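Remarks on the structure that follows.
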Amino acid sequence: MPWHDVVQGEDIVTIAREYNIGNWELIWDHPENARLRAERDSPYVLAPDDRVFVPDYRGEVVVLQSGSRHSLVYAGPTQRHVRLALCDGRRNPFRETRYALTVGNETVEGSTDDAGALDVIVPVDASSADLTLFPRDGNDDLKYEWRLRLGYLDPISSVSGVKARLRNLGYHIGEVNDTADEELNNAVTLFRAQYSLPVSSEIDDDFRTQLRLAHGGS
Amino acid sequence: MREVSVAYDGWQVLSPPQKGIIFVPQYDRNQLWVERVNEAGNHAEWIRRANWDGGESEATTFSEANLRMTRRNPHDARYFRDNAVLICQAHGWPRDCIIEIDNGAPNSHAEGDGADEASKRRQVIDALDAQSVTEPWSLVVFINHGWDTGIQMGFNIRSEPQAQRTREMLQLIAERSRTDLVLPIYGCDTAKGENGGEGHFADFVRDTLRDFGLANCRIDGHTVAGKAMECPHVRRFEGSGRGGEWIIDPGPEPLNPSDSFNAWKHALLERGADSLKLRYPLMSTAAIRAEVSRLL
Chain A
-10 MPWHDVVQGE DIVTIAREYN IGNWELIWDH PENARLRAER DSPYVLAPDD RVFVPDYRGE
50 VVVLQSGSRH SLVYAGPTQR HVRLALCDGR RNPFRETRYA LTVGNETVEG STDDAGALDV
110 IVPVDASSAD LTLFPRDGND DLKYEWRLRL GYLDPISSVS GVKARLRNLG YHIGEVNDTA
170 DEELNNAVTL FRAQYSLPVS SEIDDDFRTQ LRLAHGGS
Chain B
7 MREVSVAYDG WQVLSPPQKG IIFVPQYDRN QLWVERVNEA GNHAEWIRRA NWDGGESEAT
67 TFSEANLRMT RRNPHDARYF RDNAVLICQA HGWPRDCIIE IDNGAPNSHA EGDGADEASK
127 RRQVIDALDA QSVTEPWSLV VFINHGWDTG IQMGFNIRSE PQAQRTREML QLIAERSRTD
187 LVLPIYGCDT AKGENGGEGH FADFVRDTLR DFGLANCRID GHTVAGKAME CPHVRRFEGS
247 GRGGEWIIDP GPEPLNPSDS FNAWKHALLE RGADSLKLRY PLMSTAAIRA EVSRLL
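Chains as they are written, first to last, in the working numbering: chain A, -10 to 207; chain B, 7 to 302.
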């Protein structure tokens, strides 16, 4: 029971919530997870089949006076952020551009900031959100639509993590999986060319470093 | 709806998918061949036009009763379409993004490459109209013959009425494209001329698309006649400038170009889905020059 096998869509926060541990750092910082921390840069990006040590946690001890009414507040996160920098294929930000983000039955409408960024709070258990961006004022027919699979980004060390990031950057990647296929080769070649790396389809350290810079996050 | 994987809480970039459309003529008429038929209407011989002149006086060929326009150039290697397919492969696009324009009809307008100009324009317009406006293009490609005032697809700027038709076509493109649209014209001469080709066809395309709101559009055009995909004399028209800039400057001596230009020229001759000729429109000038410099 203390070892948890990660499945797609989980990160440390969702795992902590699953085990009713309010402070996810109790898991992430546990000495048993030192190797995991070394392999994964971020508690928010885990790979399927990663193993996470979950300490036996019996909760906080609170002393309450009998005969009185008390309010106890859950210490763990109840909300999470979706933070995106939206930009075109040449990395020009979509400045002050209208968007709509729908989670379940709730839709948040707003505009990106001067850097093309949006920061929307979603329920902690949200696993997907639909984002629509309207890049032209007065023309709602022209739009970009994405289904965001929240928590599904794999580590950049995996083929699926590379594919997902290239896909997020607009490259033509079909299915995001662990298969190194021709689509991936073509996208890697184009990415390397665009970022002035020696042209090849090789996924090496230089490529991963540049991809991490271009994509952001971990 | 495009599905993407996102991490919670951290900042990350999201960009729209690349989407493209490629226009090619069905028949390569660079070296126009006509067919002489006998009295029974059967094939007698192929006759090659000595000089293709941009198509200003094609019609006389067809007034002769015993000549007929070939529906297919017998020496046609399907050069344009083959390269369109390679572009699709390089970018992972479906083949249906290639729009083949039927340029096989004889022309009575004495203008263009022998096909009916209005027919070709109509086909391009219809293809543009038929495209969804919901997911805009990032890349619109023309692979065809060209000259400094127009392209084989029936659009030119030789007169104000012609320029207006071209504007109408570009407006349709603008309405369906991203503001950072890349539009390479793989064809002769569209960027020819003094002052960076100012006032010529590629410059006109950039200025018009910019006026229609594509502030960050990028047009690539050639300054000489040559193989459409492999020509190294490429000017790039971007932003709010006037005229275009060399991607790689051939230098003042055409017979003795720089080492960089020679390297660029040879790189464009490479074949395969990862070759530079297919990629460079999507690369910044700095990235192209960096790649060429590594070849020296």
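Every residue, glycine too, gets a C-beta built ideally from N, C-alpha and C. Please read all numbers here as calculations on a predicted model, not as lab measurements.
Chain-ordered chain A contacts of residue i [CB-CB under 8 Å]
| i | result |
| --- | --- |
| R184 (chain B) | D77, G78 and P124 |
| H97 (chain B) | H161, N175 and L179 |
| W17 (chain B) | R72, L73, A74, A106, G205 and G206 |
C-alpha gap between residue i and residue j, whole angstroms
| i | j | result |
| --- | --- | --- |
| N262 (chain B) | W270 (chain B) | 14 Å |
| A116 (chain B) | K126 (chain B) | Only weak support exists for where A116 (chain B) lies, its pLDDT of 38 falling under 50; the value from the coordinates is given anyway. Roughly 14 Å separates the two Cα atoms. |
| M289 (chain B) | R181 (chain A) | 10 Å |
| H239 (chain B) | N48 (chain B) | 43 Å |
| L282 (chain B) | G249 (chain B) | 24 Å |
| S69 (chain B) | T172 (chain B) | With a pLDDT of 35 at S69 (chain B), under the threshold of 50, the predicted position of this residue should be treated as unreliable, though the coordinate-derived value follows. Those two C-alpha atoms are separated by around 29 Å. |
| W153 (chain B) | G193 (chain B) | 8 Å |
| P187 (chain A) | E297 (chain B) | 7 Å |
| V12 (chain B) | G247 (chain B) | 38 Å |
| A293 (chain B) | M235 (chain B) | 19 Å |
| R154 (chain A) | R8 (chain B) | 13 Å |
| V62 (chain A) | E49 (chain A) | 12 Å |
| V41 (chain A) | A27 (chain A) | 13 Å |
| D193 (chain A) | D39 (chain A) | 22 Å |
| L275 (chain B) | A197 (chain B) | 20 Å |
| T185 (chain B) | I253 (chain B) | 21 Å |
Minimum C-alpha distance to residue i - residue among the options
| i | options | result |
| --- | --- | --- |
| V91 (chain B) | B:A279, B:P287 and B:Y33 | B:A279 |
| H161 (chain A) | B:G98, B:N268, B:A293 and B:R300 | B:G98 |
| L168 (chain A) | A:Y184, A:A176, A:S149 and A:L186 | In the sequence under discussion, the amino acid at residue 168 (chain A) is Thr, which differs from the Leu named in the question. Looking at the Cα atoms, A:S149 is the closest of the given residues. |
| A180 (chain B) | B:I253, B:E141, B:H151 and B:P260 | B:E141 |
| P66 (chain A) | A:A104, A:T3 and A:A89 | A:T3 |
| R125 (chain A) | A:L35, A:D45 and A:T86 | A:T86 |
| A89 (chain A) | A:C76, A:Y133, A:Q54 and A:P82 | A:Y133 |
| L35 (chain A) | A:D45, A:I110, A:V165 and A:L142 | A:L142 |
| P(-9) (chain A) | A:E49, A:V111, A:I16 and A:A115 | A:I16 |
| Y33 (chain A) | A:E172, A:I145 and A:L61 | A:I145 |
| L28 (chain B) | B:Q95, B:W17 and B:S165 | For the record, residue 28 (chain B) in the displayed sequence is Ile; it is not Leu. If we check each option's Cα against that of I28 (chain B), B:Q95 comes out closest. |
| L131 (chain A) | B:I149, B:S138, B:F148 and B:N150 | B:S138 |
| E172 (chain A) | A:K152, A:G11 and A:E98 | A:K152 |
| F83 (chain A) | A:V50, A:T121 and A:Y184 | A:T121 |
| R277 (chain B) | B:K25, B:L187 and B:D88 | B:D88 |
| A136 (chain B) | B:N162, B:I157, B:D102 and B:T291 | B:D102 |
| P44 (chain A) | A:E21, A:G(-2) and A:N94 | A:E21 |
| Q177 (chain B) | B:E166, B:G219, B:I163 and B:S144 | B:G219 |
| P190 (chain B) | B:L301, B:I93 and B:S21 | B:I93 |
| D0 (chain A) | A:G206, A:A115 and A:G140 | A:G140 |
Local conformation of residue i per DSSP, three classes
| i | result |
| --- | --- |
| N162 (chain B) | strand |
| Y286 (chain B) | helix |
| D255 (chain B) | coil |
| D20 (chain B) | One point to set straight first is that residue 20 (chain B) is Leu, not Asp, in the sequence displayed. Correct three-state label for L20 (chain B): strand. |
| T86 (chain A) | coil |
| Y8 (chain A) | coil |
| T198 (chain A) | helix |
| S144 (chain B) | strand |
| E(-1) (chain A) | coil |
| R181 (chain A) | helix |
| R300 (chain B) | helix |
| T168 (chain A) | coil |
| T155 (chain B) | coil |
| S264 (chain B) | coil |
| D(-6) (chain A) | strand |
| P100 (chain B) | coil |
| V188 (chain A) | coil |
| I107 (chain B) | strand |
| E276 (chain B) | coil |
Interface residues of chain A facing residue i [CB-CB closer than 9 Å]
| i | result |
| --- | --- |
| L274 (chain B) | Result: empty, since nearest Cβ-Cβ is about 14 Å, beyond 9 Å. |
| R8 (chain B) | Y133, E134, W135, R136 and R156 |
| D280 (chain B) | N174, N175, T178, L179, A182, V188, S189 and S190 |
Closer than 9 Å at the beta carbon, the chain B residues around residue i
| i | result |
| --- | --- |
| Q68 (chain A) | Within chain B, no residue comes near Q68 (chain A); the closest Cβ sits about 10 Å away, beyond 9 Å. |
| V2 (chain A) | Y14 and D15 |
| V165 (chain A) | E9, V10 and S11 |
Residue i: CB within 7 Å of a non-hydrogen atom of the ligand ADP
| i | result |
| --- | --- |
| N150 (chain B) | You won't find the ligand ADP in this model; it holds no ligand whatsoever. |
Contacts that residue i makes with chain A (C-beta to C-beta distance below 7 Å)
| i | result |
| --- | --- |
| P142 (chain B) | L131 |
| M289 (chain B) | A182 and Q183 |
| R300 (chain B) | P187 |
| V139 (chain B) | D130 and L131 |
| R242 (chain B) | Within chain A, no residue comes near R242 (chain B); the closest Cβ sits about 13 Å away, beyond 7 Å. |
Under 8 Å by beta carbon: chain B residues contacting residue i
| i | result |
| --- | --- |
| A153 (chain A) | V10 and S11 |
Margin query: In chain order, what are the residue ranges of uninterrupted beta strand (DSSP E) at least 3 long that sit wholly in the segment 181 to 253 of chain B?
Written below: Counting whole runs of 3 or more residues, the segment 181 to 253 of chain B contains the beta strand (DSSP E) stretches 183 to 192, 224 to 228 and 240 to 244.
Next item on the list: Quick one: which unbroken beta strand (DSSP E) runs of 3-plus residues sit fully inside the segment 32 to 83 of chain A? Chain order, please.
Entry: Listed in chain order, the complete beta strand (DSSP E) runs (minimum 3 residues) inside the segment 32 to 83 of chain A are 40 to 42 and 68 to 75.
Next item on the list: Could I get the ranges of all uninterrupted alpha helix (DSSP H) runs contained in the segment 118 to 142 of chain B, with 4 residues as the minimum, in chain order?
Entry: Listed in chain order, the alpha helix (DSSP H) runs fully inside the segment 118 to 142 of chain B are 123 to 136, counting runs of at least 4 residues.
Item checked: beta strand (DSSP E) runs contained entirely in the segment 98 to 159 of chain A, provided each spans 3 or more residues -> The qualifying runs are 106 to 112, 117 to 123 and 133 to 139.
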